[in-house]
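Here is the structure we will look at, set down as structure tokens.
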Amino acid sequence: MKFSEQWLRGWVNPQVSRDELVARLSMAGLEVDSVTPAAGQFSGIVVGEILATEQHPDADKLRVCQVTNGQETFQVVCGAPNARPGIKVPFAMIGAELSGDFKIKKAKLRGVESFGMLCSAAELEISEENDGLLELAADAPVGENIRTYLSLDDASIEIGLTPNRGDCLSIAGLARDVSALYDTPVTRPVVPAVAPAHDEVRPVEVSAPAACPRYLGRVIRNVDLSKPTPLWMVERLRRSDVRSIDAAVDITNYVMLELGQPMHAFDLAEINGGIRVRMAEEGEKLVLLDGQEVALRADTLVIADHTRALAIAGVMGGEHSGVNTEKTRDLFLESAFFEPISVAGKARSYGLHTDASHRYERGVDSQLAREAIERATQLLLDIVGGEAGPVVEAVSEQHLPQVAPVTLRAERITQMLGMEMDPAQVEQLLNALELTTTRDGEGQWTVTVPSHRFDISLEVDLIEELARLYGYNNLPVRYPQARLAPQGKPETRGDLPTLRRLLVARGYQEAITYSFIDPKLFELFSPGVEPLLLANPISNDMAAMRASLWPGLVKALQHNLNRQQDRVRLFESGLRFVGQLGDLQQQPMIAGVITGSRLPEGWANGRDGVDFFDVKADVEALLGYSGALSDFTFSAGKHPALHPGQTAAIERDGKLVGYLGAIHPELAKALGLDRPVFLFELVLGDVVEGRLPKFSELSKFPETRRDLALIAGRDVASSAVLELIRDNAGEWLTDLRLFDVYQGKGIDPDRKSLAVGLTWQHPSRTLNDDEVNTTLQNILTSLEQRLNTTLRK
1 MKFSEQWLRG
11 WVNPQVSRDE
21 LVARLSMAGL
31 EVDSVTPAAG
41 QFSGIVVGEI
51 LATEQHPDAD
61 KLRVCQVTNG
71 QETFQVVCGA
81 PNARPGIKVP
91 FAMIGAELSG
101 DFKIKKAKLR
111 GVESFGMLCS
121 AAELEISEEN
131 DGLLELAADA
141 PVGENIRTYL
151 SLDDASIEIG
161 LTPNRGDCLS
171 IAGLARDVSA
181 LYDTPVTRPV
191 VPAVAPAHDE
201 VRPVEVSAPA
211 ACPRYLGRVI
221 RNVDLSKPTP
231 LWMVERLRRS
241 DVRSIDAAVD
251 ITNYVMLELG
261 QPMHAFDLAE
271 INGGIRVRMA
281 EEGEKLVLLD
291 GQEVALRADT
301 LVIADHTRAL
311 AIAGVMGGEH
321 SGVNTEKTRD
331 LFLESAFFEP
341 ISVAGKARSY
351 GLHTDASHRY
361 ERGVDSQLAR
371 EAIERATQLL
381 LDIVGGEAGP
391 VVEAVSEQHL
401 PQVAPVTLRA
411 ERITQMLGME
421 MDPAQVEQLL
431 NALELTTTRD
441 GEGQWTVTVP
451 SHRFDISLEV
461 DLIEELARLY
471 GYNNLPVRYP
481 QARLAPQGKP
491 ETRGDLPTLR
501 RLLVARGYQE
511 AITYSFIDPK
521 LFELFSPGVE
531 PLLLANPISN
541 DMAAMRASLW
551 PGLVKALQHN
561 LNRQQDRVRL
571 FESGLRFVGQ
581 LGDLQQQPMI
591 AGVITGSRLP
601 EGWANGRDGV
611 DFFDVKADVE
621 ALLGYSGALS
631 DFTFSAGKHP
641 ALHPGQTAAI
651 ERDGKLVGYL
661 GAIHPELAKA
671 LGLDRPVFLF
681 ELVLGDVVEG
691 RLPKFSELSK
701 FPETRRDLAL
711 IAGRDVASSA
721 VLELIRDNAG
731 EWLTDLRLFD
741 VYQGKGIDPD
751 RKSLAVGLTW
761 QHPSRTLNDD
771 EVNTTLQNIL
781 TSLEQRLNTT
791 LRK
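Residue numbers for the sequence shown follow the UniProt record's numbering, so the first one is 1 and each next one is one higher.
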């Protein structure tokens, strides 16, 4: 919200400086983003009138003007294309100073003397328009200081409002808050009802009362839109960052800024029959005021006549029914209340954002429409003339917002603010906001909330108002006190920060990506799975909740690869979302992605790229952190995002807890990845759940080791071999290690060689060869019988 300081002070004028006012507004929750002077620093510029012009004798683009300041006439050479007799313009006389220490002196331009300068809006730093002189109103007093005439000792103040403070998107709303902050009365313009000058009306029919509970319209005949908007209004609009268009549009914008009620003026001649407020027909076409043609959806509320749609309700009018200064003679003035939910998101869904939609989405006073239409009518009659007809109103009382009284307790104020407030002060602060208070004898109030404060419905809302008006900086400092009993930490459960540090130590960097992703990317990683779609996404490519952390990590990987980062290792911890509303699982996960060389670039490091076993080692480090690595098993798995021959499913006690592997070639091609990329993703709860270590007394007797070279089928998993060996190796087996896998020359193509080392150690004596050999024989017999695995000869 941007507004003129002078305009606000015309409503309420506390005797404080601009800096103090700005600081107080920010401390009251109306954060001031910027303060911009209405014009540059200059002096000595007055209203001048061009009496005569003639062509410069030696320059085609220059004119020699005779300019008066009301007392004398001066010769001024000017190159502006609109310099002509009879207009009034800013005249910088000799001695005047402009921004940048530029001082006006007597000059000679191409041989002709010039005694001053005629100024454009850009030269006064009023706006960026530099295509000609700034033309003033015909009744501008010649010789008056331009700063005084245009009220340029002003500033545009921009406030960044939170979405709940839609009531402050107007001068009236801001004035209420300033009045309450400084206990200063508000001078509100008197808005009398305009007496009808004729009986013409257009009937109004509302077929969607839940979306539009109130609609008012009025016919105004015989307006003269060739008349310009008064300079005072143009300046107030400009300082509020609204461009002047024509008197009808300017007046509706002015009322919107002044009172907070968006309005629209239709060309009456373009309305066929009456007004119908209805839902759009699916695919119905409408050309908007900006020239864009849109196909309307059935959930869009429109303002229509008896043959076609005229406007998207609360967003933008249509081009064909808009006001045209050359042909429009009669207006239909609209003022309505649209329910915020019915308007929310509609502008953005059509690629639009307007001042009207910005206000309607946040809420507009449901009782303001009549005052606004009377105010706009009076301004129109004063500026462009015409005759106003009676106001036609369609209202559905049952669909209008109903505000219930709110109970406020004194003890709750003390509890939340850390201080007691005097009851009289509570009432004074709330009454200043036009909230009506009734106190009982038990230390509580019943507060009636006005229609313009649609953000207040709870007791805490009222306490927030008390805090900000009293001053957050004036509240006492209180340190929280609580009796806290120490909580035991489960020794068998790890924590996420330790896992993060472990991965960082292994060369990874942590990434944080959005939980919502492009639905197309969702389909690539989880084909056939229905995504959970957002009802109101930030953008179309952020519309689906992720079912895996991989899409975000791979996008981050692409971002780094596109910036010449060849060795990338990223991990992320966060939630994935599986299922739909009502059956939604939000599961904490930890995932990673790696690509590039195995080791950082260096004279002692090789250039080998990462492979499946690099990422497997990182995953095993994570799983082993909690001391329960042996509980996890790796087996060949299938995942639509992973390579069919390089995918491992990770299980714990028969439960699937994650996957690791190389990215699927088709997926890599679709994403434009031309290098090996490896991924892992694990259920965080299963990773951090560990096992409590137990001490075993160290044996002082020697170990006995045997190495076996085994021939197994090519498709036999080494984990199955190791598990069978462990089951038959007896209770004194202390170490089992697979140290070689070989396929190639000397081995049947359908077989492979596995080399394993077994170590035994007895706690109280030395094992003899017979015991070890007997155990080995049992192992070999079981391997041959169950896995067709034999000793290599």
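For each residue, glycine too, the CB sits at the ideal point set by N, CA and C.
- Item | the stretch 34-48 touching the stretch 137-145, judged by at least three CB pairs closer than 8 Å | yes
- Task: Taking only the alpha-carbon atoms, compute the straight-line gap between Arg359 and Gly260 and give it to the nearest angstrom.
- Result: 8 Å
- Task: For Asn768, count neighbouring Cβ atoms within 10 angstroms of its own Cβ and tell me buried if that reaches 16, exposed if not.
- Result: exposed
- Query: Among Pro85, Arg563, Asp177, which residue has its Cα nearest to the Cα of Leu21?
  - Reply: Asp177
- Skipping 5 residues on each side, what residues in its chain have a beta carbon closer than 6 Å to that of Gly317? His264, Leu289, Ala311
- Counting only the same chain and skipping the five closest in sequence on each side, list residues whose C-beta sits under 6 Å from that of Asp631. Arg652
- Message: Give me the residue from Asp267, Met542, Ala556 with the minimum Cα distance to Ala304.
- Response: Asp267
- Message: What does the alpha-carbon distance come out to for the pair Gly690 and Leu736?
- Response: 21 Å
- Message: Given 7 Å as the limit, tell me if Thr766 has its C-beta closer than that to any heavy atom belonging to the ligand NAD.
- Response: This structure lacks the ligand NAD, and indeed carries no ligand of any kind.
- May I ask you to verify whether the stretch 716-730 touches the stretch 690-707, counting CB pairs closer than 8 Å and requiring at least 3? no
- Message: For a minimum of 4 consecutive residues, which ranges assigned as the alpha helix (DSSP H) are wholly contained in the stretch 474-520?
- Response: 496-505
- Task: Report, in whole angstroms, the separation of the C-beta atoms of Leu557 and Ala670, which I expect to be a contact under 8 Å.
- Result: That pair is no contact at about 14 Å.
- Task: With a cut-off of 8 Å on the beta carbons, I'd call Ser357 and Arg214 a contact; round off their distance for me.
- Result: Going by Cβ atoms, the distance from Ser357 to Arg214 rounds to 18 Å, so no, they are not a contact pair.
- Query: Are the Cβ atoms of Ala344 and Asp154 separated by less than 8 Å?
  - Reply: no
- Query: Is the beta carbon of Leu553 less than 8 Å from the beta carbon of Val593?
  - Reply: yes
- Query: Of all the options Glu319, Val302, Thr377, Leu333, which has the alpha carbon lying nearest to the alpha carbon of Ala347?
  - Reply: Val302
- Query: Arg63 lies in the beta strand (DSSP E); which residues open and close that run?
  - Reply: 63-68
- Examine the Cβ distances between the stretch 410-417 and the stretch 454-468 and report whether three or more of them are shorter than 8 Å. yes
- Query: So who's on the other strand from Glu572, going by DSSP bridges?
  - Reply: Ala591
- Message: Taking the beta strand (DSSP E) that Val223 belongs to, which residues open and close that run?
- Response: Per DSSP, Val223 belongs to no beta strand (DSSP E) and is neither H nor E.
- Query: Cα separation between Gly627 and Asp686?
  - Reply: 12 Å
- Completely contained alpha helix (DSSP H) runs for the stretch 120-165, where each covers 4 or more residues: 146-149
- With DSSP collapsed to three states, give me the class of Trp760. strand
- May I ask you to list the residues that DSSP assigns as paired with Asp750? Asp750 pairs with nothing; no bridge assigned.
- Query: Taking the continuous alpha helix (DSSP H) assigned at Thr184, which residues delimit it?
  - Reply: Here Thr184 belongs to no alpha helix (DSSP H), and DSSP marks it neither H nor E.
- Message: Please list the terminal residues of the continuous beta strand (DSSP E) segment that includes Arg607.
- Response: No beta strand (DSSP E) holds Arg607; DSSP gives it neither H nor E.
- Message: Here's the rule: buried if 16 or more other CB atoms are within 10 angstroms of the residue's CB, otherwise exposed. What is Phe332?
- Response: buried
- the stretch 654-666 touching the stretch 605-620, judged by at least three CB pairs closer than 8 Å: yes
- Query: Among the residues of its own chain, which have a CB less than 8 Å from the CB of Val385, if the five just before and after it don't count?
  - Reply: Per the sequence presented here, residue 385 reads as Gly, with Val not at that position. Correct list, in chain order: Asn222, Val223, Asp224, Lys227.
- Message: One question on the structure: do Arg165 and Ala208 come within less than 8 Å of each other, judged by their Cβ atoms?
- Response: no
- Task: Examine the Cβ distances between the stretch 536-553 and the stretch 511-519 and report whether three or more of them are shorter than 8 Å.
- Result: yes
- Query: At what residues does the alpha helix (DSSP H) containing Trp7 begin and finish?
  - Reply: 5-11
- Item | Complete beta strand (DSSP E) runs within the UniProt domain "FDX-ACB" (699-792) (minimum length 3 residues, chain order) | 704-713, 733-742, 751-760
- Secondary structure at Val112, three-state DSSP: helix, strand or coil? strand
- Output the distance between the C-alpha atoms of Pro85 and Met1, rounded to the nearest integer angstrom. 40 Å
- Message: Can you confirm whether the stretch 9-21 touches the stretch 175-191 when touching is taken to mean that 3 or more C-beta pairs between the two stretches lie within less than 8 Å?
- Response: yes
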